[in-house]
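Since the structure comes first, as structure tokens, the remarks are kept for the end.
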Amino acid sequence: MLLDLLHWLVQPASLPARRLGYAGDSVRLASRSRRCRAAWAPHLAAAKDAVRAAMEDLPRRDTAVVLGSGLLDDVPIDDLAAAFRRVVLVDAVHPWRGRWRARGHANVARLVHDLSGAQGLMLGRSEGFDPVLPPVCAAADLVVSANLLSQLPILPVARLEAAGRLGPWTDPEAFGRRIVAAHLDALAGLSARICLVTDRDETEEDRDGRVLERIDLLYGVDPGLAPQSWDWVLAPFGEASGECRLVHRVGAWPDWRPGA
154 MLLDLLHWLV QPASLPARRL GYAGDSVRLA SRSRRCRAAW APHLAAAKDA VRAAMEDLPR
214 RDTAVVLGSG LLDDVPIDDL AAAFRRVVLV DAVHPWRGRW RARGHANVAR LVHDLSGAQG
274 LMLGRSEGFD PVLPPVCAAA DLVVSANLLS QLPILPVARL EAAGRLGPWT DPEAFGRRIV
334 AAHLDALAGL SARICLVTDR DETEEDRDGR VLERIDLLYG VDPGLAPQSW DWVLAPFGEA
394 SGECRLVHRV GAWPDWRPGA
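Have a look at this one:
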């Protein structure tokens, strides 16, 4: 706990990112990834392989953009930096671990951006909902949405549930669904090749393999049939509970297209 507090204090994050919980989420994610290193290894390797597959046969390799770059645990940053003239990492917070992993690559840049589009609502600065991708995506050859889609609604929906209302939104389910759909709509509008990697549902299982609960992490939004899928043991036994574990079903689309 004290170590997490220290990491939060030195986290390179803006005041809004701290106020809204993005800095804290980044610290907790880093801590869990260290504790669950062995359980997460197959998922992280598969996610990196999906990005590598997306790089193949591209007619041009000028700019690659990684949305939700975070810790870079699931992104083959060395391969991207070697293959593209420019790589842009986009997230609300760029933690030290991600910065360290990208060190030495002069062609890798960082961009702080609200990918949920809900920051103005959460801060009470806007009544509108504006999930706009950064302009660099418009000219990119490859855009990677890296285990991001299911994460986008988490803090906005929690904020809505706590406040009862954010702008015109009062229904957390509808709000979460709108955030997920808006991200896919924004990706669909790009000319770049889209690599989409996302967890789709969470299953709570006991030690006998019985399913205790299943949650749709995408609020009913369907990205389509994933050409690649696997289970990610997000919280093995002893992490969230001694008698239960949390397993996420992940889908990967090295070349995602709407309706495909």
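No gaps in the numbering here: position 129 of the sequence shown is 282 in my numbering, and each next residue is one more. Quick reminder that beta carbons are idealized off the backbone N, C-alpha and C, glycines included.
Q: Could you pull the start and end residues of the beta strand (DSSP E) that L349 belongs to?
A: Taking the first residue of the sequence shown as position 1, residue 349 is located at position 196. Run containing L349: 346-359, per the beta strand (DSSP E) assignment.
(Q) Does the distance between the C-beta of C348 and the nearest non-hydrogen atom of the ligand SAH fall short of 6 angstroms? (A) Questions concerning the ligand SAH fall outside what the structure shown contains, since it holds no ligand whatsoever.
Q. Of the residues R360, R238, E392, A341, which one's Cα is nearest the Cα of G377?
A. Here residue 377 refers to the residue found at position 224 of the sequence shown. When each option's Cα is compared against that of G377, the closest is A341.
Q) What's the gap between the Cα of D244 and the Cα of A299? A) If you number the sequence shown from 1, residue 244 lands on position 91. If you number the sequence shown from 1, residue 299 lands on position 146. Their Cα atoms are separated by approximately 10 angstroms.
(Q) Using 7 angstroms as the threshold, is the C-beta distance between I230 and A194 below it? (A) Position 77 of the sequence shown, counted from the first residue, corresponds to residue 230. Position 41 of the sequence shown, counted from the first residue, corresponds to residue 194. No. Outside cutoff.
Q: Taking all protein chains shown into account, decide if A170 is buried (16 or more other Cβ within 10 angstroms of its Cβ) or exposed.
A: Translated into the one-based positions of the sequence shown, residue 170 becomes position 17. By the neighbour-count rule (16 or more Cβ atoms within 10 Å), A170 is buried.
Q.
I believe A199 touches W409 by the beta-carbon criterion, under 8 angstroms. Please report the beta-carbon distance rounded to the nearest angstrom.
A. To locate residue 199, count along the sequence shown from 1; it is residue 46. To locate residue 409, count along the sequence shown from 1; it is residue 256. Wrong, their Cβ atoms sit about 16 angstroms apart, outside the cutoff.
Q) In terms of residues, what are the limits of the alpha helix (DSSP H) holding W383? A) Translated into the one-based positions of the sequence shown, residue 383 becomes position 230. Segment 381-388 is the beta strand (DSSP E) holding W383; no alpha helix (DSSP H) there.
Q | Whole-angstrom distance between V180 and W161, CA atom to CA atom | A | Counting from 1 along the sequence shown, the entry for residue 161 is found at position 8. Counting from 1 along the sequence shown, the entry for residue 180 is found at position 27. Below a pLDDT of 50, predicted positions are generally treated as unreliable, and W161, at 47, falls in that range; the measurement from the model is reported next regardless. C-alpha separation (whole angstroms): 6 angstroms.
Q.
Going by DSSP, what residue range makes up the beta strand (DSSP E) through W406?
A. Numbered from its first residue, the sequence shown carries residue 406 at position 253. From DSSP, the beta strand (DSSP E) with W406 extends over 397-406.
Q: Quick one: give me the first and last residue of the alpha helix (DSSP H) that S186 is part of.
A: Mapped onto the sequence shown, residue 186 falls at position 33. Per DSSP, S186 belongs to the alpha helix (DSSP H) from 175-188.
Q) T323: buried (16+ other C-beta within 10 angstroms of its C-beta) or exposed? A) Working through the sequence shown from its first residue, we reach residue 323 at position 170. Under this definition T323 is an exposed residue.
Q) Expressed to the nearest angstrom, what Euclidean distance is found between the alpha-carbon atoms of R360 and R190? A) In the sequence shown, the residue the question calls residue 360 occupies position 207. In the sequence shown, the residue the question calls residue 190 occupies position 37. One C-alpha to the other measures close to 20 angstroms.
Q: For the alpha helix (DSSP H) holding R263, just list the boundary residues, first then last.
A: By 1-based counting over the sequence shown, the position of residue 263 is 110. Premise fails: R263 lies in the beta strand (DSSP E), 261-265, not in any alpha helix (DSSP H).
Q. Do L295 and A262 have their C-beta atoms within less than 7 angstroms of each other?
A. The residue you call residue 295 lines up with position 142 of the sequence shown. The residue you call residue 262 lines up with position 109 of the sequence shown. Cβ distance not < 7 angstroms, so L295 and A262 don't count as in contact.
Q: May I ask you to report which of helix, strand or coil DSSP gives V246?
A: As a position in the sequence shown, residue 246 is number 93, starting the count at 1. Coil at V246, not helix or strand.
Q: Using 10 angstroms around the beta-carbon of V219, count the other beta-carbons present and answer buried if the total reaches 16, otherwise exposed.
A: For the purposes of this step, residue 219 is taken as residue 66 along the sequence shown, with counting starting at 1. Classification for V219: buried.
Q. Okay, do the region 330-338 and the region 222-239 touch, 3+ Cβ pairs below 8 angstroms being the bar?
A. no
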